[in-house]
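In the order they appear, the protein sequences are chains S and G.
Going letter by letter, the first sequence gives residues 1 to 623 in full-length UniProt numbering.
Going letter by letter, the second sequence gives residues 1 to 350 in full-length UniProt numbering.
Even glycine gets a Cβ: it sits at the ideal position worked out from N, Cα and C.
Remember, predicted model here, so these are calculated numbers, not experimental data.
Okay, so here's the structure we're looking at.
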Amino acid sequence: MREILIVSVFCIVCFKGMAQNDSLLNRLEEVVIQADKKLKKYSVGYKVTSLSDSVIVRNTESFTSLLRFNSPLYLREYGSGGTSSASFRGTSSSNTAVIWNGININSINNGQTGFNSLTVSLFDAIDIRSGGGSLEYGSGAVGGTIHLNDYLQFTDTKQIKNQFIASLGSFETYRGIYKFKFSNSKLAINAGVSYNQSENDYKFLNTDFKNTNGAYENFGFNVSAAYLLTNFSKLKFYSANYLGERFFSGELPNPLTANDKYQDFNHRNLLIYTHEKSRLSHEAKLAFLTQEYRYFEDRTSSTFNFGKSKRYLVNYDASYRFPKLKASITSHSEYESAFGKTDQISERNRRQFSQSIIYNQNINSAVSFDAKLRKDFNSDYDVPFTYALGVKVKPVRNLFFRANGSKNFRVPTYNDLFWPGQGNLDLIPETALQGELGIGYKNNQFLIDIGIFYINAKDRIVWTPGGDPDRPGIWVPINLSKVNNKGLEMTLSFNKTFHAHTVKLNINYSYTVATDKATDNQLIFVPKHLLNGNLGYAYKRFSFFYQQLINGKVYTTESNSNDFVIPHYFVANTGLDYSLLSLKKKQLTIGLKVNNIFNKYYEVQPRRPMPNRNFNFNINYKF
Amino acid sequence: MKINKLLSKIFILSALFLASCSDDDSPQLPKGDYENGILISGEGSGAGTGSVSFVSNDLTTTENLIYKKVNNDELGTFLQSISFDNDRAFIVVDNANSVTVVDRYTFEEQAIITTGLNTPRYIETVGDKGYVTNWGSTSDETDDFIAIVDLNTYAVDGTIAVENGPERIIENNGKLYVSHKGAFGTNNIISVINLSDNSVEKITVGDKPDEIFVNAKGELVVLCGGNESWTGNETIASIVNINMSTNEEISSLTFADGEHPSLMVLDSGTLYYEIGGKVYAIDEDATALSSTSIVESQGYLYGLAVKDNRIYLLDASFTDLSELNVYDLSTKNKIDTKAVALGASKIYFN
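Okay, here's the thing in structure tokens:
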């Protein structure tokens with residue numbers, strides 16, 4: 001009972017609202033040009049949370065910490081700034097797909113995205129969709145998808161906007177972001193550069209050590225543009241580029257041994273032509289993406305291991321609307337040719353084609369649904385037929401029910417298939433059947449969404465010693481385990497303005513039971529309880545925020561031995577902003593942020609302490 | 001200090017867990033006394049620290065994480081090996097670049113050596129000196145060395161440069177014998193270090209020499225695992241006997257193509273070795289390998305020991321506790337199974 005009280009007190013006192021973000025999206029819907037139409041159009045029955053640019057610029061430390069404090073995802077990180085992965089609903093990190101302007105950018109080498117190897121501060125919005133999305137986004141979209149979006153906008157009059165953010169923080173951390181937006185009635189251009197650098201040598205609390213090999217430096221450059229060709233057709237171009245170098249920090253008891261270095265080079269380019277006239281619309285996409293990492297076991301040495309990939313995508317969508325039925329039918333066809341190699345694997349080419357059909361209808365204003373089908377053809381293995389259905393019902397104003405069900409998959413990676421002596425060409429894709437039921441209430445100030453989910457995954461790819469009887473003692477990936485994930489995901493947000501006071505609150509809570517069918521034990525690295533909350537308060541020129549994370553205990557062994565656990569942790573950050581200048585065309589804000597304000601010792605991975613209390617001073621100038 | 005509190009909580013929990021698991025008629029848990037038992041070292045993994053487990057000789061008690069329990073500290077990954085002198089145990093942890101010195105019976109920490117080591121693997125003690133094989137930087141095949149540790153001050157006071165990938169190290173008659181398995185690559189030599197002047201001689205053997213023993217006839221017995229097919233240059237495995245006065249090969253038993261034994265022990269004139277999870281036994285004078293196994297592991301066989309008519313197999317798990325399976329050597333029946341250290345790899349009799 002006392003716990004419930006504490007939680008409710010916390011809820012009452014706890015910032016950045018989904019309702020608020022949601023309404024922002026709705027408001028922008030007509031004018032904003034998005035590369036990825038699927039997310040907005042075909043998420044009926046799914047929960048989509050948006051992180052607006054104001055939340056993004058407040059959490060510029062890393063993509064990892066942005067998600068850790070603002071989303072229902074569980075983030076694993078090998079020390080602050082190290083290798084990082086995210087998972088939804090107790091699924092594995094390769095079951096989380098990262099979607100850049102509609103394109104799945106998970107690595108073909110390991111099937112994941114490193115959440116510390118991309119900068120997100122240049123994106124205009126990040127959307128987080130919980131639930132299966134293989135149908136729209138392909139492999140790995142099992143637990144959910146994270147969308148990095150650029151928004152372009154035509155304006156009746158010529159507009160030029162500039163934004164400059166600079167920050168200075170503990171552990172010699174320097175960041176700078178510059179964003180430029182130009183628009184008129186025919187052309188919209190966004191461009192941005194970001195630079196981050198940190199020694200990141202925080203003290204390991206309760207020890208004599210520091211995070212001595214944790215420095216990082218990265219540079220990002222994004223540009224996007226839209227041009228109105230005719231009243232019916234547009235040409236859009238998106239490019240995102242990232243160069244980063246990190247050192248991998250060491251672990252207790254002797255972190256001084258850490259000596260390795262990692263470099264990332266990513267380039268992503270996308271060209272889209274759209275034509276929309278009366279009931280029929282077409283869209284054609286061309287994309288070219290390259291990704292490269294280099295891993296130096298010894299930072300002083302010039303020898304390294306590497307992985308490289310090139311991907312070419314061609315995509316054609318046609319959509320036909322039935323205005324009387326308030327329905328539409330859309331066909332997506334996509335062809336991809338991917339080339340991947342590592343220092344261990346000579347270059348391999350994988351070709352795949354997918355065809356999907358999506359039917360979408362609003363039956364009066366109360367019921368809407370999507371029905372989707374997809375078939376893949378792949379040069380390396382069979383991908384199962386996938387399908388999904390989403391329904392949303394609004395019986396009365398403000399109240400809604402939602403439901404979705406889907407079949408999803410994750411294909412084996414290049415490493416799984418081709419690693420010399422260990423790869424397994426007999427692997428088949430992991431598949432997961434899942435369903436979700438949700439109920440929610442939404443008005444101008446308040447939103448609550450509670451969903452219960454069930455995921456039944458099979459043929460999970462697991463690396464295990466002796467997995468192949470013909471190769472005893474060798475670690476081999478095999479389609480091994482079956483797992484059941486079930487649980488509850490809740491989002492609550494509230495915002496209210498009275499006189500000059502504004503209060504914003506946002507809470508994500510999830511309860512996850514993920515069990516291996518063979519043992520009935522909780523999967524490793526899946527916290528049962530995960531809660532984060534953000535409380536914001538603004539008064540005149542001041543604004544304050546407090547964010548809290550409560551991450552439950554995780555087991556690190558399959559038998560759930562209490563000898564091997566990562567204890568739960570509570571971490572809180574807070575910040576205060578002051579607006580020096582608040583004109584229509586010029587705004588200048590300065591802010592101070594304190595991370596880990598209570599100076600708590602915590603670990604996200606065993607023996608890797610996270611940063612102690614640290615400070616960040618920032619200046620944000622829009623003109 | 002908060003972490004210490006937390007750790008002690010974990011210890012209490014695990015003690016309760018262990019107490020509740022042990023048989024009702026078992027004696028009290030040994031309180032910091034690890035005499036008369038079996039020590040099992042586990043490498044550890046991303047799932048947890050490298051650790052040492054204790055199993056009493058009568059197999060009635062098992063205690064895991066004994067170093068952590070006694071010293072409130074973790075050993076880190078990957079615990080490679082342990083060596084002993086009269087009253088000390090030397091625990092070598094490669095990624096932590098450390099040799100932790102403990103009292104071999106109480107497991108109380110006496111020193112942690114971290115300076116002067118680089119990816120240490122095995123240690124051999126000779127009087128007041130410890131000799132530690134080190135791979136050096138993993139991206140440099142020319143910086144491998146033997147660190148010489150002063151066992152009174154626990155300082156590294158000298159090094160001996162050796163070829164790539166030094167692994168096991170034993171002392172015999174004033175000389176150190178070092179097998180060069182080849183670290184992440186492969187190698188095919190035994191270094192012989194004369195302790196009077198630290199001069200190094202080489203003996204060429206098969207690829208990937210690992211276990212080395214001196215048999216009753218005073219010959220050096222070497223298990224060469226051979227290069228596996230994934231190296232792109234597969235070679236056959238062999239057990240090689242070497243004359244220790246001339247450093248010449250006396251005899252060699254070769255394995256079939258594709259067979260790569262990875263474990264071997266010598267006990268009372270019998271050699272026990274492993275291929276693909278099966279254990280075979282031959283007389284140390286045998287002129288042929290055996291075709292029938294004596295016991296077979298049900299898991300991932302990663303450690304092997306023989307003593308007093310028992311054979312001990314470690315079925316290692318790197319995601320969980322491992323299994324120690326004990327068999328009667330005469331009947332080949334399984335006597336007992338114990339849950340022991342994560343990534344269990346080696347067995348020592350204390």
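With 9 Å as the threshold, decide whether the Cβ of Thr257/S is near any Cβ in chain G.
Sequence index remark: in the first sequence, residue 257/S carries index 257 (1-based). Yes, because at least one Cβ of chain G sits closer than 9 Å to the Cβ of Thr257/S.
Check Glu136/S in the structure and name its three-state DSSP category.
Numbered from 1 along the first sequence, position 136 holds the residue referred to as residue 136/S. Of the three classes helix, strand and coil, the one that applies to Glu136/S here is helix, per DSSP.
List the residues of chain G that Asn254/S touches, going by C-beta distances under 9 Å, in chain order.
Translated into positions along the first sequence, residue 254/S becomes position 254. Near Asn254/S (Cβ distances below 9 Å), the residues of chain G are Gly76, Val93, Asn95, Ala96, Asn97, Ser98, Ile112 and Thr114.
Proximity to Ala125/S [Cα-Cα], best of Ile146/S, Lys482/S and Ala538/S:
Position 125 of the first sequence, counted from the first residue, corresponds to residue 125/S. Selection Ile146/S, Lys482/S and Ala538/S evaluated against Ala125/S yields Ile146/S as nearest (Cα-Cα).
Could you tell me which chain S residues have their CB closer than 8 Å to the CB of Leu65/G, listed as they occur along the chain?
Your numbering for residue 65/G matches position 65 in the second sequence. Asp563, listed in chain order.
Determine the direct distance from the alpha carbon of Arg374/S to that of Thr100/G, and round the result to whole angstroms.
As a working mapping, residue 100/G is identified with position 100 in the second sequence. As a working mapping, residue 374/S is identified with position 374 in the first sequence. Rounded to the nearest whole angstrom, the CA to CA distance from Thr100/G to Arg374/S is 58 Å.
Which residue wins for smallest C-alpha separation from Asn222/S, given the options Asn254/S, Asn266/S, Ala338/S and Tyr202/S?
Numbered from 1 along the first sequence, position 222 holds the residue referred to as residue 222/S. The residue with the shortest Cα to Cα distance from Asn222/S is Asn266/S.
For Thr330/S, count neighbouring C-beta atoms within 10 Å of its own C-beta (all shown protein chains included) and say buried if the count is 16 or more, exposed if not.
In the first sequence, the residue the question calls residue 330/S occupies position 330. The residue in question, Thr330/S, is buried, as its Cβ has 16 or more Cβ neighbours within 10 Å.
Would you say Thr212/S faces chain G, with C-beta separation under 9 Å as the test?
Within the first sequence, numbered from 1, the residue matching residue 212/S stands at position 212. Residue-level contact by beta carbon fails for Thr212/S and chain G, as no gap is shorter than 9 Å.
Put Asp22/S into one of helix, strand or coil per three-state DSSP.
Translated into the one-based positions of the first sequence, residue 22/S becomes position 22. Low per-residue confidence applies at Asp22/S: pLDDT is 36, beneath 50, and the placement is therefore not dependable, though the value from the model is reported in the following sentence. In the structure shown, Asp22/S sits in a helix (DSSP, three-state: H, G or I).
What is the residue span of the alpha helix (DSSP H) that Lys278/G lies within?
For the purposes of this step, residue 278/G is taken as residue 278 along the second sequence, with counting starting at 1. Note, Lys278/G: premise wrong, no alpha helix (DSSP H); beta strand (DSSP E) at Lys278 to Asp283.
By how many angstroms is the C-alpha of Gly131/S removed from the C-alpha of Val55/S?
Mapped onto the first sequence, residue 55/S falls at position 55. Mapped onto the first sequence, residue 131/S falls at position 131. Going by the C-alpha atoms only, they are around 23 Å apart.
C-alpha distance - Phe400/S paired with Ile439/S, whole-angstrom precision
Within the first sequence, residue 400/S is the residue found at index 400, counting from 1. Within the first sequence, residue 439/S is the residue found at index 439, counting from 1. Each residue's alpha carbon lies about 6 Å from the other.
Find out if the Cβ-Cβ distance for the pair Phe154/S, Leu228/S is shorter than 9 Å.
Indexing the first sequence from 1 puts residue 154/S at position 154. Indexing the first sequence from 1 puts residue 228/S at position 228. Yes, the pair counts as a contact, with Cβ atoms nearer than the cut-off.
Proximity winner among Gly220/S, Ser319/S, Lys622/S and Pro72/S, relative to Thr589/S (alpha-carbon distances)
Residue numbering aside, residue 589/S sits at position 589 when the first sequence is read from its first letter. Here the closest residue by C-alpha is Lys622/S.
Which class does Ser53/G belong to by DSSP, given the choice of helix, strand or coil?
In the second sequence, the residue the question calls residue 53/G occupies position 53. Ser53/G falls in the strand class under three-state DSSP.
At which residues does the alpha helix (DSSP H) containing Val70/G begin and terminate?
Start at 1 with the first residue of the second sequence, and residue 70/G comes out as number 70. Ile66 to Asn71 is the span of the alpha helix (DSSP H), which, as asked, contains Val70/G.
Return the residue from the list Glu199/S, Gly220/S, Phe377/S and Phe545/S that minimises the CA-CA distance to Phe353/S.
Within the first sequence, the letter at position 353 stands for residue 353/S. Checked all of Glu199/S, Gly220/S, Phe377/S and Phe545/S; the closest Cα to Phe353/S is Phe377/S.
Of the choices Glu109/G, Glu43/G, Ser291/G and Leu39/G, whose alpha-carbon is the least far from that of Thr61/G?
Taking the first residue of the second sequence as position 1, residue 61/G is located at position 61. Of the listed residues, the one whose Cα sits closest to Thr61/G is Leu39/G.
Using 9 Å as the limit for Cβ to Cβ distance, is Glu228/G near chain B?
No chain B is present in this structure, whose protein chains are S and G.
Of the residues Ile275/G, Val265/G and Leu289/G, which one's Cα is nearest the Cα of Ile312/G?
For the purposes of this step, residue 312/G is taken as the residue at position 312 of the second sequence. For clarity, residue 312/G is Tyr in the given sequence; the question names Ile instead. Closest option to Tyr312/G, Cα to Cα, is Val265/G.
Taking buried to mean at least 16 other C-beta atoms within 10 Å of its own C-beta, is Asp197/G buried or exposed?
Mapped onto the second sequence, residue 197/G falls at position 197. Exposed, by the Cβ-count rule.
Is the separation between the beta-carbon of Arg607/S and that of Asn595/S shorter than 9 Å?
Counting from one through the first sequence, the residue named residue 607/S turns up at place 607. Counting from one through the first sequence, the residue named residue 595/S turns up at place 595. No. Outside cutoff.
Would you list the one or two residues that DSSP bridges to Glu171/G?
Numbered from 1 along the second sequence, position 171 holds the residue referred to as residue 171/G. Answer is Leu176/G.
Please classify Leu65/G as buried or exposed, where buried requires at least 16 neighbouring CB atoms within 10 angstroms.
Within the second sequence, numbered from 1, the residue matching residue 65/G stands at position 65. Buried, since its Cβ has 16 or more Cβ neighbours within 10 Å.
Take Lys338/G and list the residues in its own chain whose beta-carbon comes closer than 6 Å to its own, dropping the five residues that flank it on each side.
Counting from 1 along the second sequence, the entry for residue 338/G is found at position 338. Around Lys338/G: Val55, Thr62 and Leu324.
May I ask you to report which of helix, strand or coil DSSP gives Phe204/S?
To locate residue 204/S, count along the first sequence from 1; it is residue 204. If DSSP states are grouped into helix, strand and coil, Phe204/S belongs with coil.
Between Leu342/G and chain S, is the shortest Cβ-Cβ distance under 9 Å, so that the two count as touching?
Taking the first residue of the second sequence as position 1, residue 342/G is located at position 342. It does: the Cβ of Leu342/G has a partner Cβ on chain S nearer than 9 Å.
Near Arg350/S, what residues of its chain come up, given a Cβ to Cβ distance below 6 Å and the 5 sequence neighbours on each side ignored?
To locate residue 350/S, count along the first sequence from 1; it is residue 350. For Arg350/S, where only same-chain residues beyond five positions count, the Cβ hits under 6 Å are Ala338, Ser379 and Asp380.
Rounded straight-line distance, which links the Cα of Leu79/G to that of Lys69/G:
Your numbering for residue 69/G matches position 69 in the second sequence. Your numbering for residue 79/G matches position 79 in the second sequence. The alpha-carbon atoms of Lys69/G and Leu79/G are separated by roughly 16 Å.
Proximal chain S residues relative to Asp197/G, where beta-carbon distance stays under 8 Å:
On the second sequence, position 197 is the one that residue 197/G refers to. By Cβ distance, chain S contributes nothing, its closest Cβ being about 32 Å from Asp197/G, past 8 Å.
I want to see whether chain S comes within less than 9 Å of Gly37/G, judged by CB atoms only; does it?
For this step, residue 37/G is matched to residue 37 along the second sequence. By this cut-off, Gly37/G is not an interface position.
I need the boundaries of the beta strand (DSSP E) containing Ile461/S, first residue and last residue.
For this step, residue 461/S is matched to residue 461 along the first sequence. Its beta strand (DSSP E) spans residues Phe446 to Pro465.
Segments assigned beta strand (DSSP E), at least 3 residues, entirely inside the region 499-571 of chain S
For the region 499-571 of chain S, whole beta strand (DSSP E) runs of length 3 or above, ordered along the chain, are 501-516, 529-539 and 542-551.
Taking the continuous beta strand (DSSP E) assigned at Asp328/G, which residues delimit it?
Within the second sequence, numbered from 1, the residue matching residue 328/G stands at position 328. Leu321 to Asp328 is the span of the beta strand (DSSP E), which, as asked, contains Asp328/G.
Please determine, among Arg299/S, Gln291/S, Lys236/S and Ser239/S, the residue with the shortest C-alpha to C-alpha distance to Tyr262/S.
As a working mapping, residue 262/S is identified with position 262 in the first sequence. For the residues Arg299/S, Gln291/S, Lys236/S and Ser239/S, the minimum Cα distance to Tyr262/S belongs to Arg299/S.
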